[in-house]
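Asker:
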């Protein structure tokens, strides 16, 4: 298997002969303003451009959308991904959104597992910031939406067990998923995005350390860094912390466009 | 005026000819276990000893207790501080606790201001972590207590205006206090203490930057670092961030026992 970071939470995972596109956010650089009520209001989103062409990004066998926040699935993705693409989502609500957008083959991932050829996908849970912080934020903005997020575990007899934690803080759900599936490879969204009043809504370096302690033999790939204005963790800072805490070799910090063979 | 950091949130402030002891946590090194359900369970509290004798620490004119959490006022403080000491607290509840402990001269600081000689003390508000995180934590522990905290502003015609923010995250209360009082000197508790499930309950480096942006002409003194097991920010990391963000000279990071003249 290998993982190619495209940008932010968008990754392409090659697994048991199939290519999965995770969380396609395909807008051009800086076409959105900063998220309101967050840090770094002088930055625009996405903070960087795509490292490869959209045509190349969407040449996959399936798409996994961990949740429908705009930096994980945007209007460009809605437009350019072929409507007959296999789409995996967390809920019937998200499935309906994609079907409304014209997608024909949308499937909800289940905790009990669903099959895609010889690969089984299991839904895992997460907490997108403590309590109702995300919902409070959306109320403040006057937009609809939910704090619901999923992670996904991919299993195949000939492959490493692969866990995508999704947009979650370190919480019992993540501990449970690690205990239950004992993943060999973990993809973390670890850019430490925060609202001004409230604390992190995804992991940062301290939480990466907790994941490392819980899964000391796993390869941990950290992405969703340096692309959204309210992400406070830089790759430089994360790398220094990895070195300081003895996680070198276990925790990897790919650049945009970089492929990591596993 | 000057500020001498004793250890953690405990500081002695000399102001308009009077000495104030802030948040006396006077226990010996490592006599308490790590706070449950927090990071770094292998560490004991306080993580370091007192840099000077208790006799020296309690030679003051008054004590300010921002709130009654044990790392701000402990059983040693209850025992060794003279019972006729002037004690300033945030509420009638906290006043009752001190009076039960034998203190005779306890006064509640008010938002409208109270006088202590020619110094006026104003109560300010804070948020000790977002929402009910602290109360949820105490429920989990089965202990009584509250998330209520105060900050205090000290004013005197011949002195700089001094703002002690207290155990608070960056929030509207802190913004309001800075706008209202335009402090020349700000004492922050900035050790980034956190519960495992939940985010920060006091400021860390990102929040120090917000305070700096809100009060660019103030001297900001950062304490409450490297003394509690669940404080995730180190002085080294904070100093690097101060340098990186151009806050050198404005944000100071005293060592335990160090006096900063202002």
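Residue numbers (the working numbering), protein chains in the order written: chain U, 1 to 262; chain A, 1001 to 1262.
Idealized CB from N, CA, C, for every residue including glycine.
Given the structure is predicted, the values throughout are model-derived calculations rather than measurements.
(1) Could you tell me if residue 141 (chain U) is buried or exposed, where buried requires 16 or more neighbouring beta carbons within 10 angstroms of its beta carbon?
(2) Fully enclosed by the segment 1099–1186 of chain A, which beta strand (DSSP E) runs are 3 residues long or longer?
(3) Hey, residue 1193 (chain A) and residue 1231 (chain A) are a contact pair by Cβ (cut 8 angstroms); roughly how many whole angstroms apart?
(4) Could you tell me which residues DSSP pairs with residue 4 (chain U) in its beta bridges?
(5) Could you name the residues of the same chain whose beta carbon sits closer than 7 angstroms to that of residue 251 (chain U), not counting the 5 residues immediately before and after it, in chain order?
(6) Starting from residue 87 (chain U) and walking both ways along the beta strand (DSSP E), at which residues does that stretch end?
(7) Any beta-carbon of chain U closer than 7 angstroms to the one on residue 1173 (chain A)?
(8) Does DSSP put residue 1050 (chain A) in a helix, a strand or coil?
(9) According to DSSP, is residue 1188 (chain A) part of a helix, a strand, or is it coil?
(10) So is residue 1151 (chain A) in contact with chain U if we call contact Cβ pairs under 7 angstroms?
(11) When you compare the CB of residue 1163 (chain A) with every CB in chain U, is at least one pair closer than 7 angstroms?
(12) Of the choices A:1204, A:1248, A:1200, whose alpha-carbon is the least far from that of residue 1218 (chain A)?
(13) Out of A:1184, A:1204, A:1049, point me to the one whose CA is closest to residue 1031 (chain A)'s CA.
(14) Could you tell me which of U:153, U:167, U:173, U:157 sits nearest to residue 147 (chain U), measuring between CA atoms?
(15) Give me the Cα-Cα distance between residue 1084 (chain A) and residue 1227 (chain A), rounded to the nearest whole angstrom.
(16) With a threshold of 7 angstroms on Cβ separation, who are the neighbours of residue 16 (chain U) within its own chain once the five nearest residues in sequence on each side are excluded?
(17) How would you list, in chain order, the residues of chain U whose beta-carbon sits under 9 angstroms from the beta-carbon of residue 1202 (chain A)?
(18) So, using beta-carbon positions, are residue 199 (chain U) and residue 1036 (chain A) closer together than 7 angstroms?
(19) Label residue 1259 (chain A) either buried or exposed according to how many other C-beta atoms from any shown protein chain fall within 10 Å of its C-beta, with 16 as the threshold for buried.
(20) What residue does the beta strand (DSSP E) around residue 20 (chain U) start on, and which one ends it?
(21) Anything in chain U within Cβ reach of residue 1232 (chain A), meaning under 8 angstroms, just list it in chain order.
(22) Among U:47, U:74, U:67, which residue has its Cα nearest to the Cα of residue 93 (chain U)?
(23) Is residue 1242 (chain A) helix, strand or coil when you go by DSSP?
(24) State yes or no: is the beta carbon of residue 191 (chain U) nearer than 7 angstroms to at least one beta carbon in chain B?
(25) Find the residues of chain U that neighbour residue 987 (chain A), judging by a C-beta separation of less than 7 angstroms, and give them in chain order.
(26) Distance, Cα to Cα, residue 1110 (chain A) vs residue 125 (chain U)?
(27) Determine, using beta carbons only, whether residue 126 (chain U) comes closer than 7 angstroms to chain A.
(28) Let's test the definition: count the other Cβ atoms within 10 Å of the Cβ of residue 129 (chain U) and tell me whether it reaches 16, buried, or not, exposed.
(29) Can you grab the Cα-Cα spacing for the pair residue 81 (chain U) / residue 70 (chain U), in whole Å?
(30) Could you work out which residue in U:87, U:79, U:23 is closest to residue 72 (chain U) when comparing CA atoms only?
(31) I'd like to know whether the C-beta atoms of residue 152 (chain U) and residue 121 (chain U) end up nearer to each other than 7 angstroms.
(32) Looking at chain U, which residues of the segment 1017–1047 of chain A have a Cβ within less than 8 angstroms of any of its Cβ atoms?
(33) Considering only their Cβ atoms, is the gap separating residue 1095 (chain A) from residue 1108 (chain A) smaller than 7 angstroms?
(34) Can you tell me whether residue 209 (chain U) is helix, strand or coil according to DSSP?
(35) Any beta-carbon of chain A closer than 7 angstroms to the one on residue 197 (chain U)?
(36) Can you tell me which residues form a DSSP beta bridge with residue 199 (chain U)?
Answerer: Reading it off the structure:
(1) Answer is exposed; the Cβ neighbour count stays below 16.
(2) List check, beta strand (DSSP E) in window: 1105–1108, 1114–1116, 1119–1125, 1150–1155, 1162–1166.
(3) In this structure, residue 1193 (chain A) and residue 1231 (chain A) form a Cβ contact; the two beta carbons are roughly 5 angstroms apart against a cut-off of 8 angstroms.
(4) DSSP links residue 4 (chain U) through a beta bridge to U:12, U:259.
(5) For residue 251 (chain U), where only same-chain residues beyond five positions count, the Cβ hits under 7 angstroms are 208, 212, 220, 222, 242.
(6) Here the beta strand (DSSP E) through residue 87 (chain U) covers 86–89.
(7) No, residue 1173 (chain A) lies away from the interface with chain U (no Cβ there is under 7 angstroms from its Cβ).
(8) Coil, per DSSP.
(9) The DSSP-derived three-state label of residue 1188 (chain A) is strand.
(10) Not closer than 7 angstroms to any Cβ of chain U, the Cβ of residue 1151 (chain A) fails to qualify, so no.
(11) Not closer than 7 angstroms to any Cβ of chain U, the Cβ of residue 1163 (chain A) fails to qualify, so no.
(12) The option with the nearest alpha carbon to residue 1218 (chain A) is A:1248.
(13) For residue 1031 (chain A), the nearest C-alpha among the options comes from A:1049.
(14) Of U:153, U:167, U:173, U:157, the residue nearest in Cα terms is U:167.
(15) So the two alpha carbons sit approximately 29 angstroms from each other.
(16) So the list reads 118, 119, 156, 158, 159, once near-sequence residues are dropped.
(17) By Cβ distance, chain U contributes nothing, its closest Cβ being about 11 angstroms from residue 1202 (chain A), past 9 angstroms.
(18) Cβ distance not < 7 angstroms, so residue 199 (chain U) and residue 1036 (chain A) don't count as in contact.
(19) Flag for residue 1259 (chain A) reads exposed.
(20) That run of the beta strand (DSSP E) goes 18–22.
(21) What residue 1232 (chain A) touches in chain U, judged by beta-carbon distance under 8 angstroms, is 206, going in chain order.
(22) Put simply, of U:47, U:74, U:67 the residue whose alpha carbon is nearest the alpha carbon of residue 93 (chain U) is U:67.
(23) DSSP, reduced to helix, strand and coil, places residue 1242 (chain A) within a helical segment of the structure shown.
(24) The chain labelled as chain B is not found among the protein chains of the depicted structure, namely U and A.
(25) There is simply no residue 987 (chain A) to check, as chain A begins at 1001 and stops at 1262 in what is shown.
(26) Rounded to the nearest angstrom, the two C-alpha atoms are 45 angstroms apart.
(27) Using a CB distance cut-off of 7 angstroms, residue 126 (chain U) does not count as an interface residue toward chain A.
(28) A residue is called buried once 16 or more other Cβ atoms fall within 10 Å of its Cβ, and residue 129 (chain U) is buried on that count.
(29) Whole-angstrom Cα-Cα distance: 15 angstroms.
(30) When U:87, U:79, U:23 are compared, the shortest CA-CA separation from residue 72 (chain U) is found for U:23.
(31) It is a contact, given that the beta carbons lie within the stated cut-off.
(32) Only those residues of the segment 1017–1047 of chain A whose C-beta falls short of 8 angstroms from the nearest C-beta of chain U are listed: 1039.
(33) Using a Cβ distance threshold of 7 angstroms, residue 1108 (chain A) and residue 1095 (chain A) count as a contacting pair.
(34) Helix.
(35) At least one C-beta of chain A is nearer than 7 angstroms to the C-beta of residue 197 (chain U).
(36) Bridge partners of residue 199 (chain U): U:195.
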